[in-house]
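Chains as they are written, first to last, in the numbering used here: chain A, 1 to 294; chain B, 295 to 756. Glycine included, each C-beta is placed from N, C-alpha and C at the ideal position. Keep in mind that this is a model prediction, so the values were computed, not measured.
1. Which bits of chain A does residue 571 (chain B) rub up against, with CB to CB less than 7 Å?
2. For residue 707 (chain B), which residues does DSSP report across the bridge?
3. So for residue 465 (chain B), helix, strand or coil by DSSP?
4. Let's test the definition: count the other Cβ atoms within 10 Å of the Cβ of residue 329 (chain B) and tell me whether it reaches 16, buried, or not, exposed.
5. Buried or exposed for residue 755 (chain B), going by 16 or more other Cβ atoms inside 10 Å?
6. Do you know offhand how far residue 388 (chain B)'s Cα is from residue 686 (chain B)'s?
7. Can you name the start and end residues of the alpha helix (DSSP H) that residue 117 (chain A) belongs to?
8. Does the stretch 239-253 of chain A come within contact of the stretch 35-44 of chain A, defined as at least 3 CB pairs closer than 8 Å?
9. When the distance is taken between beta carbons, is residue 508 (chain B) closer than 7 Å to residue 728 (chain B)?
10. Excluding sequence positions up to five away, which residues of its chain have a Cβ less than 8 Å from the Cβ of residue 280 (chain A)?
11. Could you give the uninterrupted runs of the beta strand (DSSP E) lying entirely in the stretch 604-648 of chain B, keeping only those of 3 residues or more?
12. Tell me which residue opens and which closes the beta strand (DSSP E) that residue 413 (chain B) is part of.
13. With a 10 Å radius around its C-beta and 16 neighbouring C-beta atoms as the bar for buried, classify residue 559 (chain B) as buried or exposed.
14. Does DSSP put residue 349 (chain B) in a helix, a strand or coil?
15. Is there a C-beta anywhere in chain B that falls below 7 Å from the one on residue 124 (chain A)?
16. Find the residues of chain A that neighbour residue 293 (chain B), judging by a C-beta separation of less than 7 Å, and give them in chain order.
17. Considering only residues of the same chain and omitting the five flanking positions on each side of residue 339 (chain B), which have a CB-CB separation below 6 Å?
18. Which full runs of the alpha helix (DSSP H) of 4+ residues lie inside the stretch 558-590 of chain B, going along the chain?
19. Under 7 Å, CB to CB, which of the residues in the stretch 413-433 of chain B have a partner in chain A?
20. Suppose the cutoff is 8 Å on Cβ atoms and the five residues either side in sequence are ignored; what does the same chain contact list for residue 541 (chain B) look like?
21. Looking at the secondary structure, which residues open and close the alpha helix (DSSP H) in which residue 92 (chain A) lies?
22. For residue 227 (chain A), does the three-state DSSP call read helix, strand or coil?
23. In or out: residue 306 (chain B) buried (at least 16 other Cβ within 10 Å) or exposed?
24. Classify residue 8 (chain A): buried if its beta carbon has 16 or more other beta carbons within 10 angstroms, exposed otherwise.
25. Compare the C-alpha of residue 564 (chain B) against each of B:732, B:455, B:381 and name the closest.
26. Roughly how many angstroms lie between the CA atoms of residue 73 (chain A) and residue 227 (chain A), to the nearest whole one?
27. Residues in the same chain with beta-carbon distance under 6 Å from residue 319 (chain B), minus the five sequence neighbours each way, listed in chain order, please.
28. By Cβ distance, which residues of its chain are closer than 6 Å to residue 314 (chain B), with the 5 residues on each side in sequence left out?
29. For residue 707 (chain B), count neighbouring Cβ atoms within 10 angstroms of its own Cβ and tell me buried if that reaches 16, exposed if not.
30. With DSSP collapsed to three states, give me the class of residue 279 (chain A).
31. For the stretch 28-60 of chain A, which residues have a CB atom closer than 7 Å to at least one CB atom of chain B, in sequence order?
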């Protein structure tokens, strides 16, 4: 009787606390995912009532589609530079705002602000800067390479995308690095100072090794965000000039909603899902290893 | 024990939900697999049943989705007037954002497909299984016959055209007058050489001869699509030509029409106001350049009046002329203005009740036949309206220019058939055109890329 009561209580507890969140998670994550997976095996255009099952044809086409593979490699290049730049800037900013300088809280807020503006707005602001602000400056100073928009040249447009993304992300990463740096034991820093270590040596020999776990989180977080980057890509370059800055998420959007190839677009999204999942799993693995080592 | 109970419960919920999910998907699929014929039969039956039906006196709410951006106040004005003249019908207004298809698809995905939608003919053609056939509706008698071809698929009318959009070279008359030393007459430009002569004269006055807006939609959907236009021949010849590229039998680089238009394009690029940074592509700045006389001509369309109206001075004159693609003065297509019925009002039959569809018909009938509606549209759209009883006068000199070509019979249907150019040609081939304009590729590569694009398309119909 007592056991039975316990069971009833457990079920009640689950229904009260666990089930609502489970139901929401299942409704908004699992069902759409399964439905999305199903669409990848069809030729659906996203609207038509005519859906035909075509097996793995969409996946075959993607793997031989030079435009998709091109977008993938562009994303790799974009991610490589953005991750390095944003982590470097984020870490340096974190070092500066944890060094005890005056107004460090104000600086923390200021550097974090780009992250809360939102990619779309940020993209439009920088679009204006690259297209009109810098060109006016170029006309004024007479510097020829500044007289044309950065966004009309494939290499400079990709650089612009990297700069804006790094600028936006570095403030976010700075906050994580701050958390890591403030967790470095004070006695260790004190001992280093007593032993005569310079600021550079303290950073290289103590702080960096001690925040290995934090670094792993920041690096992998930046990689996954780069692979899913869409809003800045849309508002800053819109894939241009002539599709040269079309990153993988933007390419998926174009395939699904401009070309109305929903099945192909969904299959591309599944491939992106696999890539980001692998990155996330690596993050978990390296974060754990970092913690143990630390 | 407790853990096991939880596990069993979780597994149960998971199983039930999965089955429910699959059930939903499966039923959708089953419904969809044989839906083309079924949907067509149903909508045709419905249309036949209700051709002369009276609308219900019960209050009905319909939705109107428009992809004509920047005209929100116009449509809200029309909706207010329509509602006051049709008590019992409420129209919910939905305006498209930056991406017209994405929002349209999202509305359908949430089972809220708009009753009336203003879409591009290609989008309506691609999704005609959802649309209500309009053939036989009395309101079509009031629509210019020539404008219905773009909205007619396999003999069935699926939409009512919005307005006629003329595409070509906009000119600033004062600049051109100064260049030719008198009254500029656009009909004197019969060949590419004539245009070059005009450009040289304009440049001699210290003004840039022309302007190209280096954006994919202008270069891809408008400039390039001219090469599949009337210069090829009638609709059948145009579809056959495109199908021969799709089939690989013809290459763009061998096409006389393609090369003719690209020769003119090279000339436009040479005299381009944006030559230093051709892809900067800002339609507002280019409109300002033409309005202020910084350039003499601009490749665009009569819709550009939306950007120019606020900038032009009192008495300034502007007009539109076709882009010549050859040096043959006897080629009539050099003097025909490509005119596009680029958008049409269609009615959804897949997610709206019969009452809603009938109310939707009333709404389209109001837009196409009401005198107040004509006045508002003529003023705000600034384009020729293809409605026979329309008495409204157009304020826009560009719209007037298109109307004069129409009345003189000097226009050519831009598309010919709704399915001629795929819905993403502006994005895909527009990018190739931008690449070409920037000088990053030559014509052979451009033609090859366009051939590759076409090779991935299904054969077109007419």
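With the structure as the only source:
1. Numbered from its first residue, the second chain carries residue 571 (chain B) at position 277. Listed by position along chain A, the residues whose Cβ is nearer than 7 Å to that of residue 571 (chain B) are 148, 149, 152.
2. Here residue 707 (chain B) refers to the residue found at position 413 when the second chain is read from its first residue. The bridge partners DSSP lists for residue 707 (chain B) are B:633.
3. Locating residue 465 (chain B) in the second chain gives position 171, where the first residue counts as 1. Strand, per DSSP.
4. Residue numbering aside, residue 329 (chain B) sits at position 35 when the second chain is read from its first letter. Because residue 329 (chain B) carries a pLDDT of 38, less than 50, the predicted location of this residue cannot be relied on, and the following value inherits that uncertainty. Its Cβ being crowded by 16 or more others within 10 Å, residue 329 (chain B) is buried.
5. For the purposes of this step, residue 755 (chain B) is identified with residue 461 of the second chain, where counting begins at 1. Taking all protein chains in view, the Cβ of residue 755 (chain B) is surrounded by fewer than 16 other Cβ atoms within 10 Å, so the residue is classified as exposed.
6. Looking up residue 388 (chain B) in the second chain gives position 94. Looking up residue 686 (chain B) in the second chain gives position 392. For residue 388 (chain B) and residue 686 (chain B), the distance between alpha carbons rounds to 26 Å.
7. Here the question's residue 117 (chain A) lines up with position 117 in the first chain. Start and end: 104-117.
8. The stretch 239-253 of chain A, when compared against the stretch 35-44 of chain A, does not touch it at the 8 Å Cβ threshold.
9. Within the second chain, numbered from 1, the residue matching residue 728 (chain B) stands at position 434. Within the second chain, numbered from 1, the residue matching residue 508 (chain B) stands at position 214. In contact: residue 728 (chain B) and residue 508 (chain B) (Cβ atoms closer than 7 Å).
10. By 1-based counting over the first chain, the position of residue 280 (chain A) is 280. Spatial neighbours of residue 280 (chain A) in its own chain (CB-CB distance under 8 Å, excluding positions within 5 residues in sequence) are listed in chain order as 220, 224.
11. The stretch 604-648 of chain B contains, as complete beta strand (DSSP E) runs of 3+ residues, the segments 612-615, 631-634, 638-641 (chain order).
12. Taking the first residue of the second chain as position 1, residue 413 (chain B) is located at position 119. Counting along the chain, the beta strand (DSSP E) containing residue 413 (chain B) begins and ends at 410-413.
13. As a first step, residue 559 (chain B) must be located in the second chain, where it is residue number 265. With a threshold of 16 other beta carbon atoms within 10 Å, residue 559 (chain B) meets it and is buried.
14. Working through the second chain from its first residue, we reach residue 349 (chain B) at position 55. In this prediction, residue 349 (chain B) has a pLDDT of 46, which is less than 50 and means its spatial position is unreliable; what the coordinates show is noted afterwards. Here residue 349 (chain B) sits in coil by DSSP.
15. Residue numbering aside, residue 124 (chain A) sits at position 124 when the first chain is read from its first letter. No, because no Cβ of chain B sits closer than 7 Å to the Cβ of residue 124 (chain A).
16. For residue 293 (chain B) there is no data in the structure shown, the boundaries of chain B being 295 and 756.
17. Within the second chain, numbered from 1, the residue matching residue 339 (chain B) stands at position 45. For residue 339 (chain B), the pLDDT reaches just 42, beneath the cut-off of 50, and the residue's location in the model is therefore unreliable, although a value from the coordinates is still provided. So no residue of the chain qualifies.
18. If we require 4 residues or more, the alpha helix (DSSP H) runs fully inside the stretch 558-590 of chain B come out as 577-585.
19. Residues of the stretch 413-433 of chain B that bring their beta carbon within less than 7 Å of a beta carbon in chain A comprise 420, 421, 423, 424, in sequence order.
20. The sequence position of residue 541 (chain B) within the second chain is 247, counting from 1. Answer for residue 541 (chain B): 753, listed in chain order.
21. Reading the first chain from its first residue, position 92 is the one you call residue 92 (chain A). Run containing residue 92 (chain A): 66-97, per the alpha helix (DSSP H) assignment.
22. Taking the first chain and counting its residues from 1, the one referred to as residue 227 (chain A) is at position 227. In the structure shown, residue 227 (chain A) sits in a helix (DSSP, three-state: H, G or I).
23. As a working mapping, residue 306 (chain B) is identified with position 12 in the second chain. With a pLDDT of only 44 at residue 306 (chain B), under the threshold of 50, the placement of this residue in the model should not be trusted; the figure read from the coordinates follows. The residue in question, residue 306 (chain B), is exposed, as its Cβ has fewer than 16 Cβ neighbours within 10 Å.
24. Start at 1 with the first residue of the first chain, and residue 8 (chain A) comes out as number 8. Exposed, by the Cβ-count rule.
25. As a position in the second chain, residue 564 (chain B) is number 270, starting the count at 1. Among B:732, B:455, B:381, the Cα nearest to that of residue 564 (chain B) is on B:732.
26. Locating residue 73 (chain A) in the first chain gives position 73, counting from the first residue. Locating residue 227 (chain A) in the first chain gives position 227, counting from the first residue. Each residue's CA atom was taken as its position, placing residue 73 (chain A) and residue 227 (chain A) some 11 Å apart.
27. Reading the second chain from its first residue, position 25 is the one you call residue 319 (chain B). Confidence at residue 319 (chain B) is low in this model, with a pLDDT of 34, below 50, so its placement is unreliable and no value can be given for it.
28. As a first step, residue 314 (chain B) is located in the second chain; it is residue number 20 there, counting from the start. With a pLDDT of 36 at residue 314 (chain B), under the threshold of 50, the modelled position of that residue is not reliable, and the figure given next carries that caveat. There are no such residues.
29. Within the second chain, the letter at position 413 stands for residue 707 (chain B). Result: buried.
30. In the first chain, counting from the first residue as 1, residue 279 (chain A) sits at position 279. Per DSSP, reduced to three states, the secondary structure at residue 279 (chain A) is helical.
31. Here the close residues are 31, 34, 35, 38, 45, 46, 47, 48, 49, 50, 51.
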